[in-house]
Amino acid sequence: MAFEMSPLPYALDALEPAIDAKTMEIHSQKHWAGYTTKLNAAVEGTDLAGKTIEDILMNLDQAPKDKQGALRNNGGGFFNHRMFFSSLKPGGSGSSSAPAGDLAKAIESDLGGLDKFKDDFSNAAATRFGSGWAWLCVNPAGTLHVCSTANQDTTFMPEAFGGHGKGHHPILGLDVWEHAYYLNYQNRRPDYIKAFFDVIDWAAVGERYAAAKG
Ligand code: MN3
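Every position in the sequence shown, counted from 1, becomes a number in our numbering once 564 is added.
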């Protein structure tokens, strides 16, 4: 069964002014769709068909050599964008507009608090040279960790493929490719990063944290 994009759980303009409708449209319907199509083409007819995207990306080094590049770029692009678009919600007040429960406690104990986390995450996003992602992830020891990856690499890819290895589960990712912000923010990546914090669906992040902790 082919990989499919999950429908956005909000309207294209629902995240304005943080992320504009045109950027959301092109980002999801062109970029994410492109990665998805190319991922399916790479998987078709191989024994990777039917595996989860996580399984494929964690074991990239086991994939057919002539498919590894396409799987890394397009499989990573598929997974990363799925996480990104499902981590957003229209901003404002509401019970999910701040971390809660165990996630909030872990941000305190593992990361030094919400403000420190925002500083570290923003720094990881701002200093990622060229294209890539900033991540909040759960590391193999079960603690929260802020990091970044280049291009469409994902935290749990093998180290030889730009990741940090199995057991590094991302629970929140920020796309800092220019295609994610340039229409509205041009070269002002820091303003885009700041606005991102207004549209995070912390309830979704909390659910991922609970799942990663097991
Ligand atoms: Mn993108």
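We treat Cβ as the ideally placed atom computed from N, Cα and C, and that holds for glycine.
**Prompt:** What does a CB cutoff of less than 6 Å around A582 pick up in its chain, not counting 5 residues either side in sequence?
**Reply:** Excluding positions up to five away in sequence, the list reads A759, D762 and V763.
**Asked** Can you list, in chain order, the stretches of the beta strand (DSSP E) that have 3 or more residues and sit fully within the region 618-698?
**Response** none
**Asked** Which of the three DSSP states, helix, strand or coil, is assigned to A714?
**Response** Of the three classes helix, strand and coil, the one that applies to A714 here is strand, per DSSP.
**Asked** With burial defined as no fewer than 16 other Cβ atoms inside 10 Å of the residue's Cβ, what is the status of S673: buried or exposed?
**Response** exposed
**Message:** For E580, tell me which candidate among Y749, R772, E771 and F725 has the shortest Cα-Cα distance.
**Reply:** Among Y749, R772, E771 and F725, the Cα nearest to that of E580 belongs to Y749.
**Message:** Restricting to Cα atoms, I'd like to know which of L667, D717, H743 and G731 is closest to A768.
**Reply:** L667
**Message:** Spatial neighbours of K777 within its chain, please: C-beta separation below 8 Å, excluding the five flanking residues on both sides.
**Reply:** D666, V702 and G706
**Message:** I need the DSSP call for G743, collapsed to helix, strand or coil.
**Reply:** In the sequence as displayed, the identity of residue 743 is His instead of Gly. Here H743 sits in helix by DSSP.
**Request:** Kindly indicate the opening and closing residues of the alpha helix (DSSP H) around L603.
**Result:** A597 to V607
**Prompt:** So what does DSSP say about H709, is it helix, strand or coil?
**Reply:** strand
**Item:** Three-state secondary structure assigned by DSSP to V769
**Value:** helix
**Message:** Does chain C have any CB closer than 9 Å to the CB of A776?
**Reply:** Looking for chain C here will not work: only one protein chain is present.
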